[in-house]
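Trainee: Position one of the sequence shown corresponds to residue 32 (this note's numbering), numbered consecutively onward.
All residues carry an ideal CB built from backbone N, CA and C; glycine is no exception.
Just so it is clear, the structure is predicted and the values come from calculations on it, not from any experiment.
Encoded as C-alpha cells, here's the structure I'll be asking about.
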Amino acid sequence: MLKEKAGLRAILNNPPDLFERAKLYGIGFKNGSWGWASNIWHRSANGTVVVEDDNELLPEYKFLMMRVLEHILAQGPLIQVDCYLGSNVSPVRMHARLYCDPQFPDIAFRWSKINFPAPSDEEPDVMLFEIPHYLGNPNIPGTNQMLRVLRFPHHDYTIVTCSSYQGEVKKGFLAHWIYFVYKKGGCGEHAALREFTVKTVEDKSKRVIMCVWGLTGTGKSTHGMYVFGEHNKHLFIKQFGVDPTLYVSDQVIRNDDIVAIFEDRVYGSEKGSWTKTEDVNEYQLPILKAAMSPKALHENTEFDPNGNPSLEGKLFQYCGSPNKNARSVFDLADTGYFDGQIDSSGPLNTAVFISPGNLCDYAWVKIEDLAFAAKALADG
Numbered sequence: 032m033l034k035e036k037a038g039l040r041a042i043l044n045n046p047p048d049l050f051e052r053a054k055l056y057g058i059g060f061k062n063g064s065w066g067w068a069s070n071i072w073h074r075s076a077n078g079t080v081v082v083e084d085d086n087e088l089l090p091e092y093k094f095l096m097m098r099v100l101e102h103i104l105a106q107g108p109l110i111q112v113d114c115y116l117g118s119n120v121s122p123v124r125m126h127a128r129l130y131c132d133p134q135f136p137d138i139a140f141r142w143s144k145i146n147f148p149a150p151s152d153e154e155p156d157v158m159l160f161e162i163p164h165y166l167g168n169p170n171i172p173g174t175n176q177m178l179r180v181l182r183f184p185h186h187d188y189t190i191v192t193c194s195s196y197q198g199e200v201k202k203g204f205l206a207h208w209i210y211f212v213y214k215k216g217g218c219g220e221h222a223a224l225r226e227f228t229v230k231t232v233e234d235k236s237k238r239v240i241m242c243v244w245g246l247t248g249t250g251k252s253t254h255g256m257y258v259f260g261e262h263n264k265h266l267f268i269k270q271f272g273v274d275p276t277l278y279v280s281d282q283v284i285r286n287d288d289i290v291a292i293f294e295d296r297v298y299g300s301e302k303g304s305w306t307k308t309e310d311v312n313e314y315q316l317p318i319l320k321a322a323m324s325p326k327a328l329h330e331n332t333e334f335d336p337n338g339n340p341s342l343e344g345k346l347f348q349y350c351g352s353p354n355k356n357a358r359s360v361f362d363l364a365d366t367g368y369f370d371g372q373i374d375s376s377g378p379l380n381t382a383v384f385i386s387p388g389n390l391c392d393y394a395w396v397k398i399e400d401l402a403f404a405a406k407a408l409a410d411g
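Set out below in C-alpha cells:
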C-alpha cells in the first residue's frame, strides 16, 4: 500500500483495544453497559445505489469514490475487523471484512460483537468501507436524494459515507450475504428464526421451525423473540382462556434478522442481535433481559434518573419528534432462550408474514398447496 511504502501505518488490524477506543465516545451506563449516538438515526435506503456493472458508473458515483479515496489517504489508519457471517458448519459461511474510519471505533466494535471472529490472514469474501463523513456528496442523478451508499454486489464490496448509523454496516454486509447465499443455491430472507415444540390435538409433540418475515419496524424481532412463560401466560388465559405453557415447550431463538433457507434446514447469519428496543416491556422478556444486560451495546438509547438505560422512549428526540429507533446490540445468549445454535434442527415448516399496513390478512395462515406456498414466499 502507498502509505506503508512511505513507512506510515495504513491499517489497525483487528485491534485488541477496540472497546477502550470506543469508550472515549460513549456513555457508560450505571449497569455496566455502554451506549453511543449516531449522526443519522435510520438507514440511508433512499441514498443507496446498487452498481451491477462498470457501465453503470455515472460521474457522480466516480466522484464519491474519488472523495472516499482522498479521505482515506489523508486520514489516519483504518480499523480493520474480520468476521464470519454463518456458523462453522454452515455451507454459506462468509468472511466479511470491515474497514472503518478510525474516528468511529464504536461502529467496528459493535459490529464485531454480532458476528463470529474470522482470521485476518484469510482472503475475505466481501469488504465494506465505512467512512461516516460528508465528502461533498452529490445527489443521485434525477433525484433530490444525497448519494451516501454505493453497493457493488458483483465486485463484493460496499462504500458507506455520511452516516454513522450501525445499520449501514450490518445491513450492508447482510445484503452481500443474501447474494452469497443465492450463489450457493439457497434463498436469503429478511426473517427471524425460532423453534419450539407444540402439543397437537392428537396429544403428540411436533417440532415447529418457524421463520417470521417482516420489513424493518413491523415486529419481526418482537415475534421472532417472543416466548410463552410465567411472565405473560396470564394475558392469554384472560383473553382466550388458554394457558400456552401447557402446549408450548422447548422454545429457542435461532436468529433475529436475515437467514438462509435451504431444503434441509435454515441457516442463521449472526450470533447476536441489533434490535429496536423502544417500548420493550416485561412481556417481551428475552429482549428485555438481553437489552438490560451489562454486556449490551446501545445506540441512541436514553437513560433513566438512576443512570441506567431506559427503553421507555420518553426522553430522546430525533429531528424534534420522539425517538422511535433506539437500538441495542446484544448476544442472543443473554435472552435466556439461546442454546448456542444459530441454524435450525430441520427444514422450515412454518412461515409467518407480518404486514406493516392496516389492511392485511391474518398472520397465521396454513397453506397446503405447495405451488401457492412458493408463490406467497416469492411475493413476500
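Would the region 350–358 count as touching the region 213–220 if we require 3 or more Cβ pairs under 8 Å?
Mentor: As far as the Cβ criterion goes, the region 350–358 does not touch the region 213–220, which means the pair count is below three.
Trainee: Which one or two residues does DSSP pair with Asp335 in a beta bridge?
Mentor: According to DSSP, which records beta bridges pairwise, Asp335 is partnered with nothing at all.
Trainee: Residues bridged to Trp67 by DSSP?
Mentor: DSSP output for Trp67 lists Glu330 as bridge partner(s).
Trainee: Which same chain residues end up closer than 7 Å to Ile138 when comparing Cβ atoms and leaving out the 5 residues on each side of it in sequence?
Mentor: These residues qualify, in order along the chain: Cys131, Glu161, Ser195, Gln197, Val200.
Trainee: Would you check if the region 276–288 and the region 119–131 touch, i.e. whether three or more CB-CB distances between them fall below 8 Å?
Mentor: Touching, no.
Trainee: For Ile145 and Trp208, I'd like the C-alpha separation in whole angstroms.
Mentor: Cα to Cα, the separation comes out at about 15 Å.
Trainee: Using the C-alpha atoms, what's the distance from Asp295 back to Phe183?
Mentor: When rounded, the distance between both Cα atoms is 30 Å.
Trainee: Between Val297 and Leu379, which are expected to be in contact by the criterion C-beta below 8 Å, what is the C-beta distance as a whole number of angstroms?
Mentor: Val297 to Leu379, Cβ: 5 Å. Contact.
Trainee: Below 8 Å on the Cβ atoms is my guess for Gly66 versus Glu330; work out the distance and round it to an integer in Å.
Mentor: Contact holds; Cβ gap of about 7 Å.
Trainee: Using the rule of at least 16 other Cβ atoms within 10 Å of the residue's Cβ for burial, across every protein chain shown, is Pro163 buried or exposed?
Mentor: Flag for Pro163 reads buried.
Trainee: With the cut-off set at 8 Å, would you say Ile385 and Gly299 are in Cβ contact?
Mentor: Result no, Cβ atoms of Ile385 and Gly299 do not sit closer than 8 Å.
Trainee: How many angstroms separate the CA atom of Gly255 from the CA atom of Gly377?
Mentor: Those two C-alpha atoms are separated by around 17 Å.
Trainee: Keeping to the same chain, check which residues put their C-beta closer than 6 Å to that of Arg128; ignore five residues upstream and five downstream.
Mentor: The residues are Asp113, Pro155, Met158.
Trainee: Just to confirm the assignment: which complete beta strand (DSSP E) runs, minimum length 3, are found wholly within the region 299–368?
Mentor: For the region 299–368, whole beta strand (DSSP E) runs of length 3 or above, ordered along the chain, are 303–307, 328–330, 358–362.
Trainee: Just mark Lys93 as buried or exposed, buried being the case when its beta carbon has 16 or more other beta carbons within 10 Å.
Mentor: Exposed is the call here.
Trainee: Between Leu95 and Asn170, how many whole angstroms is the CB-CB distance? I'm expecting something under 8 Å.
Mentor: Actually they are not in contact, since the Cβ atoms of Leu95 and Asn170 sit about 11 Å apart, beyond 8 Å.
Trainee: Contact check, Ile190 vs Val99 under 8 Å by CB: the rounded distance?
Mentor: That belief holds up - the Cβ atoms of Ile190 and Val99 are roughly 6 Å apart, short of 8 Å.
Trainee: Taking 6 Å as the limit between beta carbons, can you name the residues of its chain near Thr228, skipping five residues before and five after?
Mentor: Only Ser236, Arg238, Ser280, Asp281 meet the Cβ criterion.
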